[in-house]
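Here's the structure we're looking at; comments come further down.
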Amino acid sequence: MLDDSRPIFLQIAELIENDIVGGVLEEESQVPSTNEFAGFYRINPATAAKGVNRLVDDGILYKKRGIGMFVAAGARSQLLAQRREDFYQEYVQPMTREARKLGISADQLTEMLHRTETTSDVTEGSVSP
Amino acid sequence: MNSQITPAVELRQVTKTYRDAKALDNVSLRLEGDRIYGLLGRNGAGKTTLMSVLTGQGFQSSGEALIFGQRAYENDDVLSRICFIRESQKYPDDFSAKQAFKSAALFFKNWDQAFAERLVEDFQLPPKRRIKKLSRGQLSAVGVIIGLASRADITFFDEPYLGLDAVARQIFYDRLVEDFAENPRTIILSSHLIDEVANLLEHVVLMDGGRIIMDDDADSIRGTAFTVAGNATSIQSFVAGREVLHRESLGSLASVTVQGRLSEVERAEAAELGLDLAPVSLQQLVVRKTMAATDTAAENDAEVGALK
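Chains as they are written, first to last, in my numbering: chain A, 139 to 267; chain B, 26 to 333.
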């Protein structure tokens, strides 16, 4: 959901991106109109339009005149490439920082990563014994 | 957008004095049309005075207040294009809500009767009951319905929801967003319930002591302040050189609200220091800004007093 840390238009753009990355919005499928976004998230329609337009500028969405907004071909792989770069900064770095604080060595961290890989039921909130 | 276009609302150095108190102190403001504005500030900040002066219901002591480039007072061309819903809007007591809507329909050329009827159902308003028999919340609903269904080019809502419960307020926000999307126009919403309306606003004007202390796009404001909490000594070094809006401490712990954005490097630095960062909501920012402005004004007054 929306929070106060960043401009809302960026958050709207990100929510749409998430749906594309997650496969909810498929390439060449139509995305909801800006007014639908505004109504659903209860935000100013101009702000919703700004978020959508940003994705148009990035080549993630494209406009079909008089019909609406569609997911561009290749959008998913483009977003995945971006997201992988962000992953290091947003997840790996904070994780290693926290690990250092707790005295977890790089080897131990690697071992933990292997453990999560092999644990089949990696559900949120589950506590491993 | 063309900046040469006549703004929907324009104030040029407007001052309004009541006896020796300045309700508006040399206020200049320019609002483009077709946006939803939030007019925020404490009671007595000058919001209602500003709207009264603009709509020709009050007179400024000096300066110019214009709607679409014209003065509103006794100007039918302007008055038919604006709708001003006051906090305690008065209606003829013997009118029913239905009759109030009928009068509104005569006055506002864009009036949408079907929309008004739908809103009556949404708010579960008894349309035939006489206005003086309505509850406070129902009375507010009458105002909200007139404000929305008028579809006036500029609609002023001055704290329109006294007595409206949370559900009714949500209906108001939802209908406002939906209808604005279909029929873009200028909405100026004055509210104390900032968290509730924050996401609806495209632009925010914050008043304090008869002056405008913030005039910016809501999305530009978002993320311009943050609160950092943790060890007081670490915080001290982290916030050094920044504009502090607020400070609280408890023993060795401190929580400081600071103006400014954080870079990724600074975020990492805060994390290294073991400090927690939290965003500041528009409401919190308004509170902090207003209190900071009041402090500064008090200091200036003290200085002036010392010089006397």
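We put the CB at the ideal spot given by N, CA and C, even for glycine.
- Query: Exposed or buried, which one is PHE84 (chain B) when buried takes at least 16 other CB atoms within 10 Å?
  - Reply: exposed
- Item | Sufficient close CB pairs (3 or more, under 8 Å) joining the region 97 to 114 of chain B to the region 248 to 266 of chain B | no
- Just reading off the alpha helix (DSSP H) that ASN191 (chain A) is part of, what are its end residues? 183 to 195
- Message: Assuming contact is defined by CB atoms lying nearer than 8 Å, are SER165 (chain A) and ALA211 (chain A) in contact in what I supplied?
- Response: Note that residue 165 (chain A) is Glu in the sequence shown, not Ser. A contact, by the Cβ cut-off of 8 Å.
- Query: Under a Cβ-count criterion, where at least 16 other Cβ atoms within 10 Å of its own Cβ denotes burial, should LYS13 (chain B) be classed as buried or exposed?
  - Reply: With chain B running from 26 to 333 in the structure shown, residue 13 (chain B) is simply not present.
- Could you list which residues in chain A have their beta carbon closer than 9 Å to that of ARG60 (chain B), in chain order? ASN182, ALA184
- Item | Classification of MET76 (chain B) by the beta-carbon crowding that lies within 10 angstroms, buried from 16 upward | buried
- Could you check the C-alpha separation between ALA293 (chain B) and SER87 (chain B) for me, to the nearest Å? 52 Å
- Message: My output table needs one value for PRO267 (chain A): the three-state DSSP class, helix, strand or coil.
- Response: Here PRO267 (chain A) scores only 42 on pLDDT, less than 50, and its place in the model is too uncertain to base an answer on.
- Item | Alpha carbon of GLU255 (chain A) to alpha carbon of LEU300 (chain B), nearest angstrom | 31 Å
- Taking 8 Å as the CB-CB limit, is ASN208 (chain B) close to chain A? no
- Item | For VAL192 (chain B): DSSP bridge partner residues | Beta-bridge pairing links VAL192 (chain B) to no other residue.
- Query: How do the region 254 to 263 of chain B and the region 151 to 165 of chain A stand: do at least 3 beta-carbon pairs fall below 8 Å, yes or no?
  - Reply: no
- Message: For a minimum of 4 consecutive residues, which ranges assigned as the alpha helix (DSSP H) are wholly contained in the region 56 to 86 of chain B?
- Response: 72 to 79
- When the Cα of GLU297 (chain B) is compared with those of B:ILE171, B:THR31, B:ALA125, B:GLY255, which residue comes out closest? B:GLY255
- If we count the other Cβ atoms within 10 Å of its Cβ and call it buried at 16 or more, is LYS188 (chain A) buried or exposed? buried
- Short-range partners of chain A found in the region 186 to 210 of chain B, where Cβ spacing is below 9 Å: GLN195, TYR198, ASP199, VAL202, GLU203, PHE205, ALA206, GLU207, PRO209
- Task: Specify, as a first and last residue, the run of the alpha helix (DSSP H) that LEU131 (chain B) falls within.
- Result: 122 to 132
- In whole angstroms, what is the alpha-carbon distance linking LEU307 (chain B) and PHE178 (chain A)? 21 Å
- With distances taken Cα to Cα, identify the nearest neighbour of VAL202 (chain B) among B:ASP101, B:ARG55, B:LEU226. B:LEU226
- Item | Residues near ASN100 (chain B) in its chain [Cβ-Cβ closer than 8 Å; skip 5 each side] | GLY81
- Item | 7 Å CB neighbourhood of GLU262 (chain A) in its chain, flanking five on each side removed | Caution is warranted here: a pLDDT of 48 is assigned to GLU262 (chain A), below 50, making its placement in the model unreliable, and no coordinate value can be reported.
- Message: Would the region 159 to 168 of chain B count as touching the region 49 to 61 of chain B if we require 3 or more Cβ pairs under 8 Å?
- Response: no
- Message: On a Cα-Cα basis, can you pick out the residue from B:ARG176, B:ALA257, B:SER288, B:GLY266 that is closest to ALA279 (chain B)?
- Response: B:ALA257
- Give the secondary structure of ASP242 (chain B) by DSSP, where H, G and I count as helix, E and B as strand, and everything else as coil. strand
- Query: Relative to the C-alpha of PHE197 (chain B), which residue among B:PRO185, B:PRO32, B:VAL305, B:GLN138 is closest?
  - Reply: B:PRO185
- alpha helix (DSSP H) containing ARG221 (chain A): first to last residue? 213 to 225
- Item | C-alpha distance - GLY285 (chain B) paired with ASP196 (chain A), whole-angstrom precision | 27 Å
- Item | 8 Å CB neighbourhood of VAL190 (chain A) in its chain, flanking five on each side removed | ILE150, ALA151, ILE154, VAL169, THR172, PHE175, LEU199, MET207
- Query: So is ASN182 (chain A) buried or exposed if we call it buried at 16+ other beta carbons inside 10 Å?
  - Reply: buried
- Item | Residues bridged to ILE179 (chain B) (per DSSP) | B:ILE107, B:THR211
- Query: So ARG192 (chain A) packs on ARG247 (chain B), CB below 8 Å; how close in whole Å?
  - Reply: Rounded, the Cβ-Cβ distance is 15 Å, inconsistent with contact.
- Message: Taking the straight line between their C-alpha atoms, what separation do you get for GLU35 (chain B) and SER245 (chain B)?
- Response: 22 Å
- Query: Which chain A residues are close to VAL311 (chain B), counting only those with a beta carbon under 8 Å from its beta carbon?
  - Reply: Under the 8 Å cutoff, chain A gives no residues; its nearest Cβ is about 12 Å from VAL311 (chain B).
- Within chain B, the residues that PHE147 (chain A) reaches when beta carbons sit closer than 9 Å: ASP244
- Task: Check whether the Cβ of ARG144 (chain A) lies closer than 8 Å to any Cβ atom in chain B.
- Result: yes
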